[in-house]
Amino acid sequence: MNMHFSTLTTLTVSQYSVVQYCCLSGSNFDVAYSKRFSRVGFLKTHHCTKMSRLYDTVAPSVIDEKLLLKAIDEQGPKEEAGRIAKEEETEFADIIALRLDFKNILKIDNLWEFTSLVKLQLDNNIIEKIEGLDSLVNLVWLDLSFNNIEVIENLDKLTKLEDLTLYNNRISVIENMDTLTRLHVLSIGNNNLSSLDNLIYLRKFKNLQTINLSGNPFCDEAKYKLFVVAHIPSLVYLDFRLIDENTKTAAKEQYRYAIEELVADETSAENKRLELEAAETEFNKQMAAYVENLDGPQLFESLFTDDPEAQKLASLPGVDELLNTYKEKMVAICQQVFSFGLQEHEKRQKEVSEFYACVEEAKKENKEMGVTKIADFDKYRKKCLADLTLISDSKVMDSKLGEYDEETSKLWDILMGYELQLVDQLEDTIKDFERSLADMVSNFVEHVQGLISQVRDLENIHHEKVLEIAISTLEKYVKNELDDELSEELKMLLVDKDTITSAVSASHDVHLLKIDNREDDIIQRANGWMASLMERIHQEEEVVRNRDRVKEINNFIDNLKEEVRNLELPGMQ
Amino acid sequence: MDVSDGPAIVIGEGENEQENGEDAPQQNGETENGMSAEALAAVEELKEEMDNIVLEPPVIDFAPTQFLEDFPLPYRENDNKERLVLAYAENFRLQYVHLYRDRKPLFLNPLNECNTEKFVCTTIRPTLLPFHELYNFDGCAELVADYVTFEAMESPIELPKTMVSPATVLKRQKGNCFEMSTLLCSLLLGAGYDAYVVCGYATRECTLRDETRDICPLLKKKDEVKTETEKKEVKKYTVKPPKDLRSKFILKQEGRKEEEKEREIQEKRNEEKAKQEELEKPPADDLFGLRIHSWVLVLAGKREVPENFFIEPLTGNSYATTHDAFLGIESIWNNNNYWVNMQDCSNGCKDLVFDLGDCVRWEYMFPSNDKPILDIPDVDDDGLDAFDEDEEDVEKHLDMPPSWVEPLSLTLKEYQTRCPQGKKTVLYKRAKLEKFAHYLNKDGLITRLSMYHDRELTDLVQVKEWFSNRNDKLDLRVTNHRTGQVTEYYKQGRTRHLKEQTYKAISPGPESDRTQIFYNNARVDGLTKREETPLAMTEHFTDRDDFLFYRHVVFGRRQKKLEPAGSLPSSNPRPIVKIIERFHRNKAKSADEDVAERIFLIAEDRIHLTFHHEDGKITASVREFIKPPNANDKGAILTYSPDMTSTFQVDPHKKPAKNLYLYNMLVELVSQEEKSVHGVRDSEEEVREILNDRKLEEEESELDISVYDTERNEKAKQHRIERERQQLEEKKRREEMELDYLAPFLAQIGDPEKLTRQEAIKLKEDCLSDLKQRLIDKANLIQSRFEKETAELQKKQQWYQQNQVNMQKDDEEEYMEYCSEAMFRINILQLRLNRHKEMAPMKYMALEQKLRTDGRLSEFF
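Rendered as structure tokens:
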């Protein structure tokens, strides 16, 4: 019975794992395979508690350099490759697979250097907490089975993880795995999982095909199997067995309503998320066009938010209507700014992309010219080198070498010429681009300024009207001709002409300041964008590119010369 | 290849041969160069001698002779209406001759095959034959040209005396131009075209079907769709081209010189062309403009024909009405009317206006349908329509009698055979075209076009052969006799997806010059093209997962080895000197690790790698390995030392690769090399297999027969016959199975041939009484069983009552069980008897009915 089970285990898991083993560790595949095979068999026969008792007798060890080096040495390449590896210093950053099993390790530590690790085995230790794995971002396979882990945690950085084994631990809740979107195989059998509802969490892993849950408390529940099959739709293997069609249909049937509800919830959440995302991108676009919050009354409202006087003044008779028309007109202008801004933004984007396309094209053309030249030279070089090995007369040899040297210098000349040509071309083009971009931006700024000054005019008119009303109200108030009751606050203002005038002007000043600020904001951002863009273009397309190319050419030519100098020629002696 | 530039070919050939001589002197160069001039001359002489011997096979007349009596009555006699029409035509002719004394007689009423005068319009019989190709004019024209053998008229300038019906033409497969155009016109009218037979004048070449001055239509270059090279779009920020520092003046001078040179060449070419044309002009014709000819005119309007055009029935070609070959029109007709041309034909047919409603230009014979062009197409029958109109007129016009010709028909086999005997040869300018019917030739040849350098058709340049229905999917074979190159084109569906193969006819074996093109989308390895020379092989691939797109192999010469004769070539493969493999960029890798070119210098034990260019870099990294000495030992562990590799890195600041990495790379490369060598050997093997296959196929050359082709598909035919036979047998057996209820009674009276009445009555009575007896017997039998069962039950019951007191429980149960079973049986028997009683009279009646209708007895009842 036990033997039978173990065979089955290995085979089903190996569907995936064998491939993993093969591509990762090549030669030590056999060892690993047989080890795993025997381990599962062995562990099913002995109960896990016996195991930990066995290990308790030894003192816990720490992951230190010695341990690591030993493991690397044992598991590293063999034979000739091993010899070579030993000669060189092994860097932890190069290791892609590491096995630290049966080491009685208590704490995961000192692994931060293994940045390219793809496979890590820490099984059969006495680890209590998952930690210290944050830098192993390339990890695809993680084995933490047969430890004393109680909580799933600190796995957020391992986004490439596909195979996670937590078999035989003390975990009671599946959690904290949101970022492991590629998860393919999950083994979490022989743990303390007791709530079937907790498994709904696994729905989010769209690639999850294989799961092992056997030996958990909830496995005794009658509905266990159907529940799992119904709630994790991507599942193909459960507890090392292929899920057959009958089970699937039965599960679907039994949990149809529950699943439908779940699906509905999920889709609505997904839709909401998408909506939010769309709104955000839209807002970002408006931001990029410097006209965010201008497609509605936001600016108008912002005028009055920090203006205590305005609220008081609003209750003056007649100001209400005034405010309404003011708002209407202002919103109309704002919307003009808004649409104009978006339009201009698109234009600028198009201009920029067109510029880059042209630059890329020019660079590509130039590159091709250089490449063909080098290919031609390569042919010559090969022929020349072949000739050189045959020549034994030192005079002929010298002339030949001289010729080669000359050809090399000529090549350098040509390549540098190409580069210079490209530099000239790009300089012109960039100048053109800068000019037209500046035109565009200044155009945009001017137009926006014009529109904003209309807003300012509106504000002025509004101010005058309010002032008029205020003074007339004051007069009426003084004469006690007012019909309506006025609020106390307003009465405070209606003391004399100076007070009311200053209140109105203060409100007006606040408004103007806000409008000015908004205008400045737009202009500054537009100019800033252009300046930074041009700066970047100058830097990248002119300076950095040119330096790189010159360095490249020199390196290449030097190498060519070096090569001939290092030749051991028969004619040299 | 264009035939006219023959000389160029000759030069090219010479060069080729020289090259060959250099490349492969061991092959053919020696033999050709070794031949003395004398021998060559002798060969030439022999050739000429041979050319003089021309065989002329005897011509056998295959047309079945028909006797006059075989023709139906309308062929031999005219009915009243026809006579009336003939009289009408005669009247028309008289008036015409009277009015236009200097014009040629009209072609109105020739004699038919039974020597009966028939009016030409009634000889047309519009027919639509049931082959979809014949729904279009070109299909009809081709059929007429192919199917009917043209016979020249007795006199080229006189109208023929007789014109046989189109039906007879189809039967005899022979006819002159008038008969052929009548047949074609009948088919076109049947297909809904507005077609007319034309009687007029044409050039000698046209009337005699001499196409030797025309270029073969198959050779005419199709209008090449000029793919306009997309002009580079000048974008706003496109960089300016580098400054041109050359002197403008010098450039101009050079340009002028070049122009002049070109002009000179052009002039020379024009001159030559003119000369050639002059030479090729046909000799002057004494009878120019007098030769009578007949062809077909199709007017625009119906069947979406946009413009009027002529169809030449002898060749099946169509021409514009302004074509030079047609010199004038005398008259035209169709099945409805007859028009005489009143226009001046001094300028050929170029100025003619085909507005038949215009009676100044076209004099009609029957007033009934004077506006055929303006007929609305949805009117079903022109004749009827015209007749209706006539009735409104005061005068009652004569309308055209129906055609006297038998319906035209073609069987599928006749249609597919097409040309008489299924073969046809047409001579064109410097070309000969042979057509064969499908399945006629064993190798599936349907068309052969031979191109010659000269006009006498002696100097063969190129032969193109089209095949159909071949098992090996061979579609076209082009043999160039100058270069000795053979190109074969295949259709899709071969086992190795070969599409095209070019090779030299003298070296059809493997390891020779050869180009193979494949249907790459059908191949797993994505191979598109394989080029071979004796010492090299180049393969091109597309869409491979490993990004390989090019593999070039250079072979060394085979080492001479003593080998048993006839051993396989694979046992001593050509040594591979080097393999060059090129790869596309794999974006998943960085450019520094993505190999662009991999050269295995096998002879030198070196491996050379060139990596891809990084974006924006003009140099590429290079790495070279020297293979460890034990690399070729199987299973050996490779030894490695750092001096076995050298490199150039584009980025000088990059860390040099680790030795372990390099070692792994080397191991990988060694295994890759082995794989590549395998691949090369496989390719060689494939070539050999393809050639073997081709050889076998060529020897067998079986033709594919569609499963739908019931005529030819022998297997299907046999299957069908077999099935029919089986069905017949089955039926027979079933008949035997049916029992003859009269047989025993007939046997009693000795199976007489015929029954007398008394015997019949007796027979019937016997039969019925026998049935009665049997029915009663059966009822009795059931009854007796019933009684027996009841008696037994009663007995048991008695026994039970007696012994009830001292009975065991088991016994009692047994008894109960027995009782229920017995009761069940009794019940069943009762039911059966009842049913039998019900059924018996019915059975009796049924037999009586049967006897009454029985074939042997029915006559007595």
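Protein chains in written order, with numbering that gives the first Met the number 0: chain Y, 0 to 572; chain S, 0 to 860. Ideal Cβ positions, reconstructed from N, Cα and C, are used throughout, including at glycine. All of these numbers come straight from a predicted model, not from anything done at the bench.
Near-chain Y residues of the stretch 232-249 of chain S - C-beta to any C-beta below 7 Å
234, 235, 236, 237, 238, 239, 241
Mind checking the stretch 597-620 of chain S against chain Y and listing, in chain order, the residues whose C-beta falls within less than 7 Å of any C-beta there?
612, 615, 616, 617, 618
Hey, is residue 28 (chain Y)'s beta-carbon within less than 8 Å of any beta-carbon in chain S?
As a first step, residue 28 (chain Y) is located in the first sequence; it is residue number 29 there, counting from the start. A caution first: residue 28 (chain Y) carries a pLDDT of 39, below 50, which makes its placement in the model unreliable, though a value can still be read off. No, no contact with chain S.
Determine which residues share a DSSP beta bridge with residue 289 (chain Y) and list them.
Translated into the one-based positions of the first sequence, residue 289 (chain Y) becomes position 290. DSSP, once it has assigned bridges, lists no residue as partnering residue 289 (chain Y).
Taking the DSSP output, what are the residues bridged to residue 265 (chain Y)?
As a first step, residue 265 (chain Y) is located in the first sequence; it is residue number 266 there, counting from the start. DSSP lists no partner for residue 265 (chain Y).
Measure the CB-CB distance between residue 154 (chain Y) and residue 175 (chain Y) and report whether it falls below 8 Å.
Looking up residue 154 (chain Y) in the first sequence gives position 155. Looking up residue 175 (chain Y) in the first sequence gives position 176. Result yes, Cβ atoms of residue 154 (chain Y) and residue 175 (chain Y) sit closer than 8 Å.
Only counting the same chain, and skipping five residues up and downstream in sequence, which positions put a Cβ closer than 8 Å to that of residue 326 (chain Y)?
Along the first sequence, read from residue 1 onward, the residue named residue 326 (chain Y) stands at position 327. These residues qualify, in order along the chain: 296, 299.
What three-state label does DSSP hand residue 379 (chain S) in the structure shown?
Numbered from its first residue, the second sequence carries residue 379 (chain S) at position 380. Reliability of the predicted coordinates at residue 379 (chain S) is poor, the pLDDT of 45 falling under 50, and the value obtained from them is presented with this limitation in mind. Here residue 379 (chain S) sits in coil by DSSP.
On the three-pair Cβ rule with 8 Å, is the stretch 242-262 of chain S touching the stretch 429-443 of chain Y?
no
Could you run through the stretch 654-670 of chain S and flag, in chain order, every residue whose CB is less than 9 Å away from some CB of chain Y?
657, 658, 659, 660, 661, 662, 663, 666
Are the C-beta of residue 637 (chain Y) and some C-beta of chain S separated by less than 8 Å?
This structure leaves residue 637 (chain Y) out entirely; chain Y is present only between 0 and 572.
Among the candidates S:541, S:92, S:98, S:111, whose CA atom is the shortest distance from the CA of residue 105 (chain S)?
Here the question's residue 105 (chain S) lines up with position 106 in the second sequence. Residue 105 (chain S) has its Cα closest to that of S:92, out of S:541, S:92, S:98, S:111.
Cβ contact check for the stretch 334-344 of chain Y and the stretch 449-461 of chain Y: 3 or more pairs under 8 Å:
yes
Looking at residue 287 (chain S) and residue 201 (chain S), is the spacing between their C-beta atoms short of 8 Å?
In the second sequence, the residue the question calls residue 201 (chain S) occupies position 202. In the second sequence, the residue the question calls residue 287 (chain S) occupies position 288. No, these two residues do not count as a Cβ contact at 8 Å.
Per DSSP, what are the beta-bridge partners of residue 535 (chain S) in this structure?
Residue numbering aside, residue 535 (chain S) sits at position 536 when the second sequence is read from its first letter. Note: residue 535 (chain S) sits in a beta bridge opposite S:532, S:553.
Any contact between the stretch 207-220 of chain Y and the stretch 232-241 of chain Y? By contact I mean 3 or more CB pairs, one from each, below 8 Å.
yes
Return helix, strand or coil for residue 331 (chain S), following the three-state DSSP convention.
Indexing the second sequence from 1 puts residue 331 (chain S) at position 332. In the structure shown, residue 331 (chain S) sits in a strand (DSSP, three-state: E or B).
Nearest to residue 72 (chain Y) by alpha carbon, out of Y:58, Y:61, Y:99, Y:59?
Numbered from 1 along the first sequence, position 73 holds the residue referred to as residue 72 (chain Y). Of the listed residues, the one whose Cα sits closest to residue 72 (chain Y) is Y:99.
Closer than 9 Å by beta-carbon distance: list the chain S residues that pair up with residue 425 (chain Y), in chain order.
Walking along the first sequence from the start, residue 425 (chain Y) turns up at place 426. Ordered by position in chain S, the residues that pass the 9 Å Cβ test against residue 425 (chain Y) are 238.
Can you find the residues in the same chain that come closer than 6 Å, C-beta to C-beta, to residue 300 (chain S), ignoring five residues on each side of it along the sequence?
Numbered from its first residue, the second sequence carries residue 300 (chain S) at position 301. The residues are 193.
3-residue-minimum beta strand (DSSP E) runs that sit fully inside the stretch 85-132 of chain Y, ordered along the chain:
96-98, 118-120
Check whether chain S comes within 8 Å of residue 536 (chain Y), counting only Cβ atoms and requiring the distance to be less than that.
Your numbering for residue 536 (chain Y) matches position 537 in the first sequence. No, residue 536 (chain Y) does not count as interfacial toward chain S.
Residue 651 (chain S) CB to nearest chain Y CB: under 8 Å?
Locating residue 651 (chain S) in the second sequence gives position 652, where the first residue counts as 1. Yes, its Cβ sits closer than 8 Å to a Cβ of chain Y.
Report yes or no: is there a C-beta of chain Y within less than 8 Å of the C-beta of residue 637 (chain S)?
For the purposes of this step, residue 637 (chain S) is identified with residue 638 of the second sequence, where counting begins at 1. Yes, its Cβ sits closer than 8 Å to a Cβ of chain Y.
Taking only beta-carbon atoms, is residue 366 (chain Y) less than 8 Å away from chain S?
For the purposes of this step, residue 366 (chain Y) is taken as residue 367 along the first sequence, with counting starting at 1. Chain S contact via Cβ: present.
Please tell me whether residue 647 (chain S) has its Cβ less than 8 Å away from any Cβ of chain Y.
Within the second sequence, numbered from 1, the residue matching residue 647 (chain S) stands at position 648. Judged by the 8 Å Cβ criterion, residue 647 (chain S) is in contact with chain Y.
Could you list which residues in chain S have their beta carbon closer than 7 Å to that of residue 370 (chain Y), in chain order?
As a first step, residue 370 (chain Y) must be located in the first sequence, where it is residue number 371. Under the 7 Å cutoff, chain S gives 612, 617.
Return the bridge partner residues of residue 201 (chain S) from the DSSP annotation.
As a working mapping, residue 201 (chain S) is identified with position 202 in the second sequence. Its beta-bridge partners are S:325.
Quick one: which chain S residues come within Cβ less than 7 Å of residue 362 (chain Y)?
Here the question's residue 362 (chain Y) lines up with position 363 in the first sequence. By Cβ distance, chain S contributes 615.
Residues of chain S with CB under 7 Å from residue 354 (chain Y), in chain order?
Here residue 354 (chain Y) refers to the residue found at position 355 of the first sequence. Simply 236.
Own chain, CB closer than 7 Å to residue 403 (chain Y), minus 5 neighbours either side, in chain order:
As a first step, residue 403 (chain Y) must be located in the first sequence, where it is residue number 404. Hits under 7 Å: 383, 563.
Flag this pair as touching only if the stretch 154-164 of chain Y and the stretch 181-199 of chain Y have three or more C-beta atom pairs under 8 Å; answer yes or no.
yes
Quick check: residue 606 (chain Y) and residue 350 (chain Y), are their CB atoms within less than 8 Å of each other?
Because chain Y is modelled from 0 through 572, residue 606 (chain Y) falls outside the range shown and cannot be assessed.
Kindly provide the ranges of any beta strand (DSSP E) runs that are 3 or more residues long and lie completely inside the stretch 427-480 of chain S, ordered along the chain.
430-435, 444-451, 459-466, 473-479
If we define contact as Cβ-Cβ less than 8 Å, is residue 94 (chain Y) a contact residue for chain S?
Numbered from its first residue, the first sequence carries residue 94 (chain Y) at position 95. With 8 Å as the cut-off, residue 94 (chain Y) does not count as an interface residue toward chain S.
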